[in-house]
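The structure under discussion appears below in the form of structure tokens.
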Amino acid sequence: MKITIEIKRFNPEKEKKSYYQKYKVDADPNDRLLDILMVIKRRIDPSLSFRKSCGHGVCGSDAMVINGKEGLACKTLVKKVADKEGAYIRIEPLRTLPVQRDLMVDQKKFFKNYRKVKPFFINEKEVSEKERMQSPQERKKIDQATKCILCVSCYSACPVIQKENPMYIGPASIVQAARFIDDSRDNGFDQRLPELDSPDGVWSCKNYFFCTQVCPRDIQVTKIINMTKKKIKDFNN
Ligand code: SF4
Ligand code: FES
Numbered sequence: 129m130k131i132t133i134e135i136k137r138f139n140p141e142k143e144k145k146s147y148y149q150k151y152k153v154d155a156d157p158n159d160r161l162l163d164i165l166m167v168i169k170r171r172i173d174p175s176l177s178f179r180k181s182c183g184h185g186v187c188g189s190d191a192m193v194i195n196g197k198e199g200l201a202c203k204t205l206v207k208k209v210a211d212k213e214g215a216y217i218r219i220e221p222l223r224t225l226p227v228q229r230d231l232m233v234d235q236k237k238f239f240k241n242y243r244k245v246k247p248f249f250i251n252e253k254e255v256s257e258k259e260r261m262q263s264p265q266e267r268k269k270i271d272q273a274t275k276c277i278l279c280v281s282c283y284s285a286c287p288v289i290q291k292e293n294p295m296y297i298g299p300a301s302i303v304q305a306a307r308f309i310d311d312s313r314d315n316g317f318d319q320r321l322p323e324l325d326s327p328d329g330v331w332s333c334k335n336y337f338f339c340t341q342v343c344p345r346d347i348q349v350t351k352i353i354n355m356t357k358k359k360i361k362d363f364n365n
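Heads up: the sequence shown begins at 129 in this note's numbering, then just goes up one per residue.
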């Protein structure tokens with residue numbers, strides 16, 4: 129079927145403002161949006177810029193706003209966003225971060241926040257056996273959070289970052305903190321606390337649930353944030 133892809137274009141080195149460019153393409157309903165973008169780049173317009181790497185929902189690099197909602201181009205089938213001949217798909221870069229070129233955003237701020245929560249294993253105690261042991265039940269507690277691929281979708285969709293507090297560290301950083309806080313082998317909770325227990329930390333979250341709705345890994349992001357809030361409250365009482 130023939131569809132029209134409308135892409136928000138912007139090259140800050142050459143242009144003063146962004147604009148939308150339309151491309152008419154042949155598509156199969158089972159094509160992935162990433163396939164269509166590759167066709168446009170290879171055959172129609174090599175100047176179109178976007179990120180991609182794995183092509184299979186693992187690296188998180190091709191998150192973008194598809195018909196108004198964050199998603200991975202490689203995990204979005206055409207039939208999910210364009211249901212009939214002549215349909216339009218509008219593609220825009222992620223929100224809240226500066227555009228570098230077309231669909232590529234500068235992720236520096238996102239990763240600065242990510243690093244603030246010390247997203248790595250902390251335990252200075254000697255290992256008594258060959259390795260630090262963990263039961264299957266203990267491992268289950270971090271199952272959800274380990275699935276995060278740092279795609280930035282939740283950060284882009286968060287109304288707090290968009291309108292209320294751009295300094296909020298964001299949902300993904302809290303998910304990453306929880307991945308280690310809830311790990312039975314880690315004991316770095318107090319080192320992560322100053323960032324998490326601050327106005328720009330967990331307390332900025334107002335439970336809008338947009339992060340949970342857009343997460344391509346089906347992580348219950350808002351629930352993890354609320355569980356982290358409870359953990360901090362219990363620790364402080
Ligand atoms: S929590 Fe989900 S939406 Fe947010 S960065 Fe991780 S994978 Fe992406
Ligand atoms: S290209 Fe890696 S997640 Fe889509």
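Where is the CB? At the ideal position from N, CA and C, for every residue including glycine.
Checking the sheet assignment: what are the DSSP bridge partners for Gln-149? Beta-bridge pairing links Gln-149 to Ile-135.
Please state whether DSSP places Ile-194 in a helix, a strand or coil. Reduced to three states, the DSSP call for Ile-194 is strand.
Just the C-alpha distance for Pro-287 and Val-167, rounded to the nearest angstrom, thanks. Straight-line Cα distance between these residues: approximately 33 angstroms.
Arg-307 beta carbon less than 7 angstroms from that of Ile-270: A Cβ-Cβ contact shorter than 7 angstroms links Ile-270 with Arg-307.
Glu-257, buried or exposed, once every other Cβ within 10 Å from all chains shown has been counted against 16: Exposed.
Lys-180: CB within 6 angstroms of a non-hydrogen atom of ligand 3: Inclusion of ligand 3 in the displayed structure is not the case, the ligand content consisting of ligand 1 and ligand 2 alone.
Inter-stretch contact (C-beta, 8 angstroms, three-pair minimum) for the region 342 to 359 and the region 272 to 281: In short, these stretches touch, since the Cβ pair count reaches three.
How many angstroms separate the CA atom of Ile-352 from the CA atom of Gln-265? Near 17 angstroms, if we compare the C-alpha coordinates of Gln-265 and Ile-352.
Ligand 1 heavy atom lying under 6 angstroms from the CB of Leu-278: Yes, the beta carbon of Leu-278 sits closer than 6 angstroms to at least one heavy atom of ligand 1.
Which full runs of the beta strand (DSSP E) of 3+ residues lie inside the region 214 to 249, going along the chain? Those beta strand (DSSP E) runs which fall completely within the region 214 to 249 and span 3+ residues are 216 to 220, 227 to 229.
Leu-200, DSSP secondary structure in three states: Here Leu-200 sits in strand by DSSP.
State yes or no: is the C-beta of Leu-324 within less than 7 angstroms of the C-beta of Ala-300? Not closer than 7 angstroms, so no.
Is the region 199 to 209 touching the region 150 to 162 in the sense that three or more CB pairs, one from each, lie closer than 8 angstroms? The region 150 to 162, when compared against the region 199 to 209, does touch it at the 8 angstroms Cβ threshold.
Under the criterion of a Cβ to heavy atom distance below 6 angstroms, does Cys-202 qualify as lining ligand 2? With a cut-off of 6 angstroms, the C-beta of Cys-202 is classified as near ligand 2, since at least one heavy atom of the ligand falls inside that distance.
Out of Met-129, Tyr-147, Glu-252, point me to the one whose CA is closest to Ile-135's CA. The residue among Met-129, Tyr-147, Glu-252 with its C-alpha nearest the C-alpha of Ile-135 is Tyr-147.
Given a cut-off of 7 angstroms on the beta-carbon distance, is the pair Ile-194 and Ile-172 in contact? The Cβ atoms of Ile-194 and Ile-172 lie no closer than 7 angstroms to each other.
Is Asp-156 near ligand 2 - that is, is its Cβ less than 6 angstroms away from at least one heavy atom of it? For ligand 2, not one heavy atom lies less than 6 angstroms from the Cβ of Asp-156.
Whole-Å CB distance - Gly-298 paired with Asn-241, under 8 angstroms assumed: 6 angstroms between Cβ atoms; contact.
Over the uninterrupted alpha helix (DSSP H) stretch that includes Tyr-283, give me the two end residues. Taken as a continuous stretch (DSSP letters only), the alpha helix (DSSP H) holding Tyr-283 covers 281 to 285.
Rank Ile-217, Ser-189, Leu-176, Pro-157 by C-alpha distance to the C-alpha of Gly-196 and give the top, closest one. When each option's Cα is compared against that of Gly-196, the closest is Ile-217.
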